[in-house]
Amino acid sequence: MIGAHGPLVGRQPGGRPRGPRQRGANDVLVLGIAGSPRLNGNTAFAVQRALEVIAGEGLETEFVTLADKNIGFCTGCYACRATHTCVIADDMGPIYDALRRCDGLILGSPVYMGLVSAPLKALMDRTILFRLGGPFELSGKVGAGIACGAFRNGGQERVLGEIQTFLLEHDMFVVSDGQPFSHFGATLCGLAEQDELGLRTVDALARRVAAAVKRVRGS
101 MIGAHGPLVG RQPGGRPRGP RQRGANDVLV LGIAGSPRLN GNTAFAVQRA LEVIAGEGLE
161 TEFVTLADKN IGFCTGCYAC RATHTCVIAD DMGPIYDALR RCDGLILGSP VYMGLVSAPL
221 KALMDRTILF RLGGPFELSG KVGAGIACGA FRNGGQERVL GEIQTFLLEH DMFVVSDGQP
281 FSHFGATLCG LAEQDELGLR TVDALARRVA AAVKRVRGS
């Protein structure tokens, strides 16, 4: 499914795939971004699983994979301070639009050398334009993280810490996976679809994100 419907793939309540559309005034949207360079890997599976749970809570969802995107590194030129647009011409344009539209954000990353993946870090750095030249554009949105590693204690919590730092930099509300876990977010190890405990954290995180977004939006 990933990449088969264009750069942005979403789900309506009930799980039916759809492309991006114009939102109504009362629509509540959660965006999920899979930061793995692997198109159909564990991270993509986990993020889409979370979005399916959120769609079941009656919210709109959109999915983005970075595996087929060209995202250049931020050069620190600060041209975006005046224009609120990035001078680098690549695949970040639609992602900027999706980030502005969403009410909630789930970022997923594999563990690479104990840190987030290079594609996700490039995206994170490029969002500095949301912080410059005025009010923070992502302020007040709900955010959460999912980390996938090869081993149970393979650096997932370090990755979630990086994701949470990014969310806090944008003045977002950070959500954990809540009871009965209430740690830093969702963590999976090995083959994600076979990690029963990890999938429980994904489902719990997704329900918490849905509830938090509804409270923030007052719906």
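Going by the working numbering, the first residue of the sequence shown is number 101, and it counts up by one from there. C-beta: ideal position from N, C-alpha, C; glycine also.
ask   = Apart from the five residues on each side of it in sequence, which residues of its chain come closer than 6 Å, Cβ to Cβ, to ALA134?
value = Excluding sequence neighbours, ALA134 sits near THR143, ALA144, VAL147, THR165 and GLY208.
query = Which ranges does the beta strand (DSSP E) cover as unbroken runs of at least 3 residues, wholly within the segment 237-296, from first to last along the chain?
reply = Taking only runs of at least 3 residues, the beta strand (DSSP E) segments lying wholly in the segment 237-296 are 242-249 and 286-289.
inquiry  = Checking 8 Å against the spacing of the C-beta atoms, do GLU262 and PHE284 come in under that value?
reply    = Going by beta carbons, GLU262 and PHE284 fall outside the 8 Å limit.
query = In its own chain, which residues sit with a C-beta less than 7 Å from the C-beta of THR301, not counting the 5 before and 5 after it?
reply = A distance below 7 Å between beta-carbons, with the five flanking residues on each side excluded, links THR301 to the following residues of its chain, in chain order: ASP277, PHE281, ALA286 and THR287.
message = If you reduce the DSSP assignment to three classes, tell me which class TYR212 lands in.
response = Assignment of TYR212 by DSSP, reduced to helix, strand and coil, places it in the strand class.
query = Can at least three beta-carbon pairs, one atom from the segment 160-178 and one from the segment 218-229, be found at a separation below 8 Å?
reply = Here the segment 160-178 lies against the segment 218-229, with 3 or more beta-carbon pairs under 8 Å apart.
task = Determine the direct distance from the alpha carbon of ALA155 to that of LEU129, and round the result to whole angstroms.
result = Rounded to whole angstroms, LEU129 to ALA155 spans 10 Å at the Cα level.
task = Determine the direct distance from the alpha carbon of TYR212 to that of ALA167, and round the result to whole angstroms.
result = Approximately 15 Å, taken between the alpha carbons.
query = Can ASP203 and ARG317 be called in contact, C-beta distance under 8 Å?
reply = Yes. Within cutoff.
task = Would you please verify whether the beta carbon of LEU223 is less than 8 Å from any beta carbon of chain C?
result = Of the chains in the structure shown, none is chain C; there is only one protein chain.
ask   = Between the Cα of LYS314 and the Cα atoms of GLY234, LEU297, VAL275 and TYR178, which residue gives the shortest distance?
value = Looking at the Cα atoms, VAL275 is the closest of the given residues.
task = Pull up the CB-CB distance for CYS180 and ILE246, whole angstroms please, since I reckon it's below 8 Å.
result = The Cβ separation is near 28 Å, so there is no contact.
ask   = In three-state terms, what does DSSP make of VAL187?
value = Coil.
message = Tell me the rounded alpha-carbon separation between LEU297 and CYS248.
response = Using only the alpha carbons, I get a separation of about 13 Å.
key: Own chain partners of LEU268 with C-beta closer than 7 Å, once the 5 adjacent residues on each side are dropped   = VAL274, listed in sequence order.
key: Cβ-based neighbour list, ARG226, same chain, cut-off 7 Å, excluding 5 preceding and 5 following   = Short of 7 Å from the beta carbon of ARG226, and not among the five residues preceding or following it, lie these beta carbons of its own chain, in chain order: ILE171, CYS174, CYS186 and MET192.
request  = Could you check how far apart the C-beta atoms of GLU162 and LEU131 are, in whole angstroms? I think they sit under 8 Å.
outcome  = Indeed, because the Cβ distance is near 5 Å, the residues count as touching under 8 Å.
ask   = Taking GLN270 as the reference, which of ALA182, GLY243 and GLU160 has the closest Cα?
value = With the sequence shown as reference, residue 270 is identified as His, and Gln is not the correct amino acid for it. The candidate whose alpha carbon is nearest that of HIS270 is GLY243.
key: Option nearest ARG231 by Cα separation, candidates MET272, ALA218, ALA310 and VAL153   = Nearest neighbour of ARG231 by Cα position, chosen from MET272, ALA218, ALA310 and VAL153, turns out to be MET272.
message = Cutting at 7 Å between CB atoms, please list the residues of its own chain near ALA306, excluding the five before and the five after it.
response = Its chain contains ALA150, VAL153 and ILE154 as the residues whose beta carbon lies nearer than 7 Å to that of ALA306, once the 5 sequence neighbours on both sides are disregarded; these appear in chain order.
request  = Please report how far the alpha carbon of ALA304 lies from the alpha carbon of GLU160, in whole angstroms.
outcome  = Going from the Cα of ALA304 to the Cα of GLU160 covers about 18 Å.
inquiry  = When you compare the CB positions of CYS289 and PHE236, do they come within less than 8 Å of one another, or not?
reply    = Not in contact: CYS289 and PHE236 (Cβ atoms no closer than 8 Å).
request  = Thinking LEU199 and VAL259 are a contact (beta carbons under 8 Å), I'd like their distance in whole angstroms, please.
outcome  = About 20 Å; that fails the 8 Å criterion.
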